[in-house]
Amino acid sequence: MISQVDVWNAIDELAANQKTSPSRMAINSGLDATIFNKSKRNDKYGKPRYPSFRTVLKVLEALKMTMTEFGKICDKHHNKSK
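This is how it looks when you write it as structure tokens:
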């Protein structure tokens with residue numbers, strides 16, 4: 000199963016591929032600049048959380064990527080962590 004960490008690593012990779020920061024990628028996608036901050040990757044109890052589906056879709060739309068392409072990046076990170 001793809002973990003929260005795999006998804007966040009995939010988001011970081013998307014930003015790196017764009018030669019930008021996750022914050023700038025968020026802004027370019029019409030999102031708040033802080034949405035990908037490390038502090039927002041866990042809930043207030045320290046439990047890892049996933050970014051919202053809406054957030055991921057906005058980024059993918061801005062980057063002209065499909066969910067399938069994003070899923071492959073998540074899977075790559077999942078297989079690295081095994």
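Residue numbers (numbering that gives the first Met the number 0): 0 to 81. Virtual Cβ for every residue (Gly too), placed ideally from N, Cα, C. Note that the structure is a prediction, hence the values are computed from the model and not measured.
For the pair Pro47 and Ala61, the Cα-to-Cα distance works out to about 25 Å. With fewer than 16 other CB atoms across the displayed protein chains lying within 10 angstroms of its CB, Ser51 is exposed. The alpha carbon of Lys63 has as its nearest neighbour, out of Ser2, Met0, Asn8, Leu13, the alpha carbon of Leu13. In the DSSP annotation of this structure, the continuous segment of the alpha helix (DSSP H) that includes Leu62 starts and ends at 52-62. One Cα belongs to Asp5, the other to Lys79, and the distance between them is close to 9 Å.
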